[in-house]
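In this text, residue positions in the sequence shown follow the numbering used here: the first is 18, and each later residue adds one.
Glycine included, C-beta positions come from ideal geometry on N, C-alpha and C.
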Amino acid sequence: MITTAVIPVAGLGTRMLPYTKEQPKAMLPLFVGNLVKPTLQIIFEQLYKAGIRKFIFIVSRGKRAIEDHFTPDYTFLDSLRKRGKNQSIGELSGFYKKIESSTLLWLNQSLPLGLGHALLISRTSIQDHRFLVHAGDTVLTAPFEINKMLEICNNPNLKDVSCICVRRVSDKHLLKRYGIAEINSHFLISRVVEKPTHPTSDFAIVPIYVLTQRIFEILKRLPQDDSSEIQFTQAINHLIESGLTVQAYDIGEIRRIDVGSPDTYHDALSYSFKI
Ligand code: UTP
18 MITTAVIPVA GLGTRMLPYT KEQPKAMLPL FVGNLVKPTL QIIFEQLYKA
68 GIRKFIFIVS RGKRAIEDHF TPDYTFLDSL RKRGKNQSIG ELSGFYKKIE
118 SSTLLWLNQS LPLGLGHALL ISRTSIQDHR FLVHAGDTVL TAPFEINKML
168 EICNNPNLKD VSCICVRRVS DKHLLKRYGI AEINSHFLIS RVVEKPTHPT
218 SDFAIVPIYV LTQRIFEILK RLPQDDSSEI QFTQAINHLI ESGLTVQAYD
268 IGEIRRIDVG SPDTYHDALS YSFKI
């Protein structure tokens, strides 16, 4: 059972400028049925449904709109009640109940030194050996089945098995946008490559991971790369090189919705109503 998730939302979001100059990318709206919700609320609700009760958000300057959104406001509910907006009240109070029955932690990443660095910040706040990491700009179009992902990590002969979600992408052009995972016949990952110029696998990484505390030992030692970032993909390759198992979990036909760039956000808006 996994009950802790780290959700990094501290990135600069440069591909979505100028929107992201003052607004967090994770607050971009998506459709859910006839409602409009911030991307991060959809992720939070999916993870809550999957049993996560401790949410560690990695935030940065200019992301306070996220904390405000995740702060229950009963005065606002009273105003809605006076106006007879019962559907909205039901929707919001359901969201508030989920927040109030969870632990939400807000940790600051003062410099945007990459996903690896963002993750390292959560190190002392995670008590469990195994935890989930979910990017703040990607949503799946079906409720996330952590249990299925965990089943493949629970090999009694192997300790410290990590797991990465992947999805087959046949369009080579699209693959270059994502990280890719080279996978053997037992669905074990042998190498991951960030945005490859010549993709060597058609499995794109979907940024949802089950990791163990071992990742922190590696991240602590990783130097910054040429762009001053601590690369998470490099840490995964080190995990594999040190002999640990990293399993791939194929999400199959479930679609990934990505709000990280204008063209993927355009697609995201057309598909998100299927969530
Ligand atoms: P991205 O790789 O999309 O980076 O981050 P970004 O900064 O958000 O966007 P671009 O590339 O400049 O357009 C993937 C996830 O990791 C978080 C982001 O907020 C996003 O949820 N992240 C990234 C951090 O929390 N900190 C970082 O330093 C980098």
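Rounded to whole angstroms, the gap between the alpha carbons of Leu236 and Leu137 is 7 Å.
Bridge partners of Arg208 according to DSSP: Glu199.
Per DSSP, reduced to three states, the secondary structure at Pro279 is helical. Taken in chain order, the whole alpha helix (DSSP H) runs of length 4 or more contained in the region 67 to 99 are 81 to 86 and 91 to 99. Within the same chain, Cβ atoms closer than 8 Å to the Cβ of Tyr65 are found at Lys115 and Ser119, the five residues on either side in sequence being excluded. For Asn171, the secondary structure class from DSSP, reduced to helix, strand or coil, is coil. Per DSSP, reduced to three states, the secondary structure at Leu124 is strand. Shortest gap from the CB of Met44 to any heavy atom of the ligand UTP: 8 Å or more. Assigned with DSSP and collapsed to three states, Thr262 falls in coil, not helix or strand. CA-to-CA, the gap between Tyr195 and Leu149 works out to about 20 Å. Collapsing the DSSP output to three states places Lys54 in a strand.
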